[in-house]
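Accompanying notes for the structure given below.
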Amino acid sequence: MDFNGKTTTSLAEVAKQKEYIELIKTVLSVRFPERAPKAYVHTYGCQGNVSDSERMKGLLQACGYVFCDKPEDADFVLFNTCAVREHAEDRVFGNCGALKPVKEKNPELIIALCGCMMQQQHVADRIRKSYPFVNLVFGTFAFHRLPELLYKVLCGRKRVFEISENKEPVVEGLPVYRDRDVKAWLPIMYGCDNFCSYCIVPYVRGRERSRNPEAIITEAKELIAAGAKDITLLGQNVNSYGKGLQDDIDFPRLLRKINALDGDFMIRFMTSHPKDCTKELLDAMAECEKCARHLHLPVQSGNNRILKEMNRRYTREEYLNLISYARKVMPDLSITTDIITGFPGETYEEFLDTISLVREVQYTSMFTFIYSPRKGTKAAQMPDPVPYETKSRWMRELLAVQEEIAAKRTASMVGKVYRVLVEDETHEKDGRLTGRTGGNVNIDFAGDSSLVGQFCEVKVTQAGNWVLHGELLK
Ligand code: 5AD
Ligand code: SF4
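Residues in the sequence shown are numbered from 5 upward in steps of one, following my numbering.
Structure (C-alpha cells):
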C-alpha cells in the first residue's frame, strides 16, 4: 500500500508499535497472572475524539486489556480530552482531580491524559506541576504510539510527557475497537488549515492530512461486512479531503466511491466548511442514493462583519445561496448547523442577523455555543466588552426561535412515512425502539428488539416536545 509515497515510515511505525504491544503483553502477564488487566477510557469532545479513542482502545485490547465502566475498577485510566471550549477543559481538570483518591487507594493505577487539551504546552505544564499522580501525557500527534508510551511508563516508573508535533503521514494498519456495530465513525482526514479566529483546533491538531483512499475504502468494506448501517465520514473539514495526496481524488469523488460499495447502508459526513462546500459536492450528494439527506453546515454567524472577524471566508449571502442550491437538488434535505453567540465585539444588532438567518434557513437542529476565549487564538486578543450574562440572554433568545422552528417541523412530519434505521431500545426498555431518519430526526415506536440494526418504515403519529412517536409499518 502507498501511504502518500511514505510507505516505509508508516509501515515501520506500525511494526514498532506491534513490537511494543508484545512487550506490554509480557509485562502484564507477569503483573496480572490471575486476571486480565482493566482499562477505563473516557472521551470528551467531538466525534473525531471518539474515533481516536476507538483506535487507542484497539491498541489497548491488543495489549491484553479488557474495558471497565468505572475508574475505581481500572488498572489503567485514559482521558481523551477536548480543548474547544473552556468548559470542556474545566471538566477534565475536575475529573482528573477526582482521580487522586482513586490513585491513593490503588497506587499501581496508571493514569494517562491525551488529546487536544494536552497538545497545549500550558496545559501539559499545569498537569506536570499540579497533578503529580498523572503518569502519562500525550498529544494528538502521538495517539497511535500509545503502546510505546505506555511501555515506558510500565517499565520506567517515570512520568512520560509526549506533546511534540510531527508531520508524519497518517499511520494505517493498527487495530480498532468499536463500541457499536450499527453506527460507525470513519476518519478520512486529520487536522485543520482554516484558522477561524476563535478556534484552537488548528493549533492542537496540526495541518490537514488526508488518509489514502484505498485505506478508507478497505475500512468502509470491513465496517459494512461487520454490520455497519450508518457510516459517518469524519474530518475537521471534509470538503478539502485529498489535498496533498498523490491520488487524483477529492471529497465528491470519495463519496461516489463509497456510495458504489455493495450493501444496504447510509453515508453521512461531518464537518463541511461552507467556504469549500461546492455545487459539485451537493450534486454528488444528490446523486448518491446511499448518502443521507442530511447536511451539517456550520454557519457560526449570520452577520458579514462577524463572519469576517471570524475569518470564515464566506458571506451570509454566499451561505444562503449554497443552502438554496442544496435544497433545489435535494428538496427533502435536512440541514443542521453550529452557531457561536457573543463573539468578541458582536453587538445585539449583529446577533439579530444570526436570528434572521436561522429563521430563513429553518434548520432541523443546531448546536449553539457561547464564545469561549482560547489562549493563542486571534479572537482571544480582541476586545470583548459584552458581559457573559448578556451573551447567555442572546443564546436563550436564539434557542427560543429554534424551538419554534423545530415544533413546526415536527408537526409537519405527523402522518408521513419515513425510512429509519433502528438504533436501540428506548431507555425505559418498555417495548419501544428508537430509530433515526436519514435527516437525523429521532422517532420512537413499538417494536421487537430484533429489529435493532435494521432499516424499517415508520409512520409518524404524534409530535412530542423532543421526540417523535410513530408506528411500525414494515
Ligand atoms: N468558543 C465557542 N464555540 C466554539 N467552537 C469552536 N471554537 C469555539 C470557541 N472558542 C464551536 C464552533 C464549532 C464547534 C465544533 O464548536 O461552533 O463549529
Ligand atoms: Fe474535537 Fe476540536 Fe474538541 Fe479536539 S478541540 S476534541 S478536535 S472539538
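Idealized CB from N, CA, C, for every residue including glycine.
Under three-state DSSP, which class holds residue i?
i       : result
Gln-65  : helix
Lys-294 : coil
Ile-409 : helix
Trp-189 : strand
Glu-44  : For the sequence presented, residue 44 should be read as Tyr rather than Glu. If DSSP states are grouped into helix, strand and coil, Tyr-44 belongs with the strands.
Ser-201 : coil
Ala-230 : coil
Glu-152 : helix
Cys-100 : helix
Cys-120 : coil
Gly-439 : strand
Thr-372 : strand
Glu-475 : strand
Asn-243 : helix
Tyr-207 : helix
Tyr-392 : helix
Ala-16  : helix
Gln-250 : coil
Phe-147 : helix
Ser-57  : helix
Tyr-181 : coil
Thr-282 : coil
Val-70  : strand
Leu-299 : strand
Met-399 : helix
Tyr-24  : helix
Arg-213 : strand
Met-274 : strand
Ser-33  : helix
Trp-470 : coil
Suppose you measure from the CA of residue i to the CA of residue j; what does that come to, to the nearest Å?
i       : j       : result
Arg-182 : Asp-268 : 20 Å
Val-491 : Tyr-48  : The requested residue 491 is not part of the displayed model; the chain covers only 5 to 478.
Leu-15  : Val-175 : 8 Å
Asp-252 : Arg-213 : 15 Å
Pro-278 : Gly-160 : 48 Å
Arg-400 : Gln-458 : 38 Å
Val-34  : Glu-108 : 23 Å
Met-334 : Tyr-202 : 32 Å
His-148 : Gly-62  : 10 Å
Pro-302 : Glu-23  : 42 Å
Asp-428 : Leu-455 : 9 Å
Gln-65  : Thr-222 : 21 Å
Tyr-170 : Pro-206 : Note that residue 170 corresponds to Asn in the displayed sequence, not to Tyr. Whole-angstrom Cα-Cα distance: 14 Å.
Leu-190 : Asp-234 : 10 Å
Asp-6   : Lys-162 : Its pLDDT being 36, under 50, Asp-6 is placed unreliably in this model, and the coordinates cannot settle the point.
Ala-146 : Leu-326 : 37 Å
Gln-21  : Ser-57  : 16 Å
Pro-179 : Phe-355 : 46 Å
Ile-131 : Val-141 : 8 Å
His-300 : Tyr-329 : 15 Å
Ala-290 : Lys-261 : 14 Å
Relative to the ligand 5AD, is the shortest distance from any of its heavy atoms to the C-beta of residue i smaller than 7 Å?
i       : result
Glu-362 : In the sequence under discussion, the amino acid at residue 362 is Val, which differs from the Glu named in the question. Result no, Cβ not under 7 Å from the ligand 5AD.
Ser-376 : yes
Phe-373 : yes
Arg-89  : yes
Tyr-367 : no
Cys-50  : yes
Gln-250 : no
Asp-342 : yes
Cys-203 : yes
Pro-302 : yes
Over the uninterrupted beta strand (DSSP E) stretch that includes residue i, give me the two end residues.
i       : result
Glu-166 : 164-166
Ile-359 : Segment 352-365 is the alpha helix (DSSP H) holding Ile-359; no beta strand (DSSP E) there.
Arg-423 : 421-429
Asn-446 : 446-450
Leu-113 : Looking at the DSSP string, Leu-113 is not in any beta strand (DSSP E), and its letter there is neither H nor E.
If residue i and residue j are in contact, beta carbons under 8 Å, what's the gap, nearest whole angstrom?
i       : j       : result
Arg-209 : Gly-195 : 5 Å
Arg-413 : Thr-358 : About 19 Å separates the two Cβ atoms, so there is no contact after all.
Met-370 : Ile-343 : 6 Å
Asp-275 : Gln-240 : Reading the sequence as shown, one finds Thr at residue 275 and not Asp. Contact holds; Cβ gap of about 6 Å.
Ala-467 : Met-417 : 7 Å
Val-81  : Met-121 : In fact, because the Cβ distance is near 16 Å, the residues do not count as touching under 8 Å.
Leu-237 : Phe-273 : 4 Å
Ile-271 : Ala-296 : 7 Å
List the endpoints of the continuous alpha helix (DSSP H) containing residue i.
i       : result
Ser-134 : 125-134
Lys-463 : First-last for Lys-463: 459-467, but that is the beta strand (DSSP E), not the alpha helix (DSSP H).
Glu-321 : 320-333
Tyr-258 : Before going further, note that residue 258 is Leu rather than Tyr in the sequence given. Here the alpha helix (DSSP H) through Leu-258 covers 255-263.
Leu-311 : 308-313
State yes or no: is the beta carbon of residue i nearer than 8 Å to at least one beta carbon in chain C?
i       : result
Leu-476 : No chain C is present in this structure, which holds just one protein chain.
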